[in-house]
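Undergrad: Supplied in structure tokens, the structure appears directly below.
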Amino acid sequence: MNKIAHYVSFSVLFLLTSTMLKSQQTIQLTPPDLIRGLPAMKTLSLRASATEFDTTMLSLKDISDLLWAANGINRPTSGKRTAPSAMNAQDIDIYSFMKSGVYLYDAGKHALQLVVTGDHRRLFQRDEKSPAPPVILLLVSDVSRFRAGEDSLKMIWGAMDAGIVSENISMFCASENLATRPRASMNQKKLRELLNLKDSQYPMLNHPVSYKKNRTN
Ligand SMILES: Cc1cc2nc3c(=O)[nH]c(=O)nc-3n(C[C@H](O)[C@H](O)[C@H](O)COP(=O)(O)O)c2cc1C
0 MNKIAHYVSF
10 SVLFLLTSTM
20 LKSQQTIQLT
30 PPDLIRGLPA
40 MKTLSLRASA
50 TEFDTTMLSL
60 KDISDLLWAA
70 NGINRPTSGK
80 RTAPSAMNAQ
90 DIDIYSFMKS
100 GVYLYDAGKH
110 ALQLVVTGDH
120 RRLFQRDEKS
130 PAPPVILLLV
140 SDVSRFRAGE
150 DSLKMIWGAM
160 DAGIVSENIS
170 MFCASENLAT
180 RPRASMNQKK
190 LRELLNLKDS
200 QYPMLNHPVS
210 YKKNRTN
């Protein structure tokens, strides 16, 4: 190979690699697949909190349907969601922590919007050396979206609303043979700093999500 050909192939390789490593600003999700999954009763019989997680990245279709099931828009004419919320405040935002960055779920566009680049999943790990699950969903309530009520009540509603989104996630995972676990324990201070949260935004729960270890299908 002459010097020019060598230089060109090196440059192409460099460009390809840097493009692949760069976090995408917007990840357009696929439309929800409304016919996948198990019947409700079978799903309930399988719901359980996982204790171990795989590291394989979820497919775009699985991430898309997971987020739609969690809190997507299921009635486009009213903009209402798969999860109810007190006063229809729609106070729960879902941040998706992945290897390439932290993304905010934009239900209106059914897309993920980049918030912070880089891998911050270790913020949820007790043991920082253990491998992280591919996706960790953080449920944040913005209690300022409740138009009325005492502050203490708003906190209760925010926690309830997060609990319902959490159960949607658990049900989708049970139905799709995915591993998940609702967790209240997390480093609130570091998460607030990283995501630049307002005082009215409270991280309520997080859900690691992965394929089941040693799954055959
Ligand atoms: C509100 C809430 C908070 C939880 N927080 C944690 C947590 O911080 N860490 C954890 O390992 N599990 C957490 N869990 C999971 C529970 O420990 C688990 O649901 C419980 O042991 C029952 O097991 P099951 O979900 O398999 O039925 C939490 C569950 C809920 C509903």
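Read in order, the letters of the sequence shown correspond to residues 0 to 216 in numbering that gives the first Met the number 0. Just so you know, even glycine gets a beta-carbon here, dropped at the ideal spot from N, CA and C.
(1) Find out if the Cβ-Cβ distance for the pair Thr29, Leu57 is shorter than 8 Å.
(2) How would you call Ile135, buried or exposed, if buried means at least 16 neighbouring beta carbons within 10 angstroms?
(3) Taking all protein chains shown into account, decide if Leu20 is buried (16 or more other Cβ within 10 angstroms of its Cβ) or exposed.
(4) Are there any heavy atoms of ligand 1 lying less than 7 Å away from the beta-carbon of Leu204, as far as the coordinates show?
(5) According to DSSP, is Leu137 part of a helix, a strand, or is it coil?
(6) Can you tell which of Arg182, Ser174, Leu66 and Ala110 has its C-alpha closest to the C-alpha of Ile34?
(7) For ligand 1, is there any heavy atom lying closer than 7 Å to the beta carbon of Pro217?
(8) How far does the beta strand (DSSP E) with Gln200 in it reach, from first residue to last?
(9) Ser77 lies in the alpha helix (DSSP H); which residues open and close that run?
(10) Pick helix, strand or coil for Thr42, following the three-state DSSP scheme.
(11) I need the DSSP call for Phe171, collapsed to helix, strand or coil.
(12) Met97 bridges to which residues according to DSSP?
(13) Using only the alpha-carbon positions, how far apart do Asp212 and Thr54 sit?
(14) Under 8 Å: do the stretch 160 to 177 and the stretch 66 to 73 share three or more Cβ pairs, one atom per stretch?
(15) What residue from Thr81, Glu51, Glu149 and Ser184 has the CA that sits closest to His109's CA?
(16) In this structure, what does DSSP give as the bridge partners for Ala178?
(17) Just reading off the beta strand (DSSP E) that Leu217 is part of, what are its end residues?
(18) If you draw a straight line from the C-alpha of Gln124 to the C-alpha of Met203, how long is it?
(19) Are the beta-carbon atoms belonging to Leu218 and Val139 less than 8 Å from one another?
TA: By the coordinates alone:
(1) no
(2) buried
(3) Bear in mind that a pLDDT of 45 at Leu20, under 50, signals an unreliable position, so the number given afterwards is only what the model happens to contain. Exposed: under 16 other Cβ atoms inside 10 Å.
(4) yes
(5) Judged by DSSP in its simplified three-state form, Leu137 adopts strand.
(6) Ser174
(7) The shown model of the chain, from 0 to 216, leaves out residue 217, and the question about it has no answer.
(8) Gln200 to Tyr210
(9) Counting along the chain, Ser77 falls outside any alpha helix (DSSP H), and DSSP gives it neither H nor E.
(10) Correct three-state label for Thr42: helix.
(11) helix
(12) Gly100
(13) Strictly speaking, residue 212 in this sequence is Lys, with Asp absent from that position. Per the coordinates, the alpha-carbon of Lys212 lies some 9 Å from the alpha-carbon of Thr54.
(14) By the Cβ test, the stretch 160 to 177 is in contact with the stretch 66 to 73, since at least three Cβ pairs between them sit closer than 8 Å.
(15) Among Thr81, Glu51, Glu149 and Ser184, the Cα nearest to that of His109 is on Thr81.
(16) Ser209
(17) Nothing about residue 217 can be read from this structure; the chain reaches only from 0 to 216.
(18) 16 Å
(19) Residue 218 lies beyond the residue range present for the chain, which begins at 0 and ends at 216; the question has no answer from this structure.
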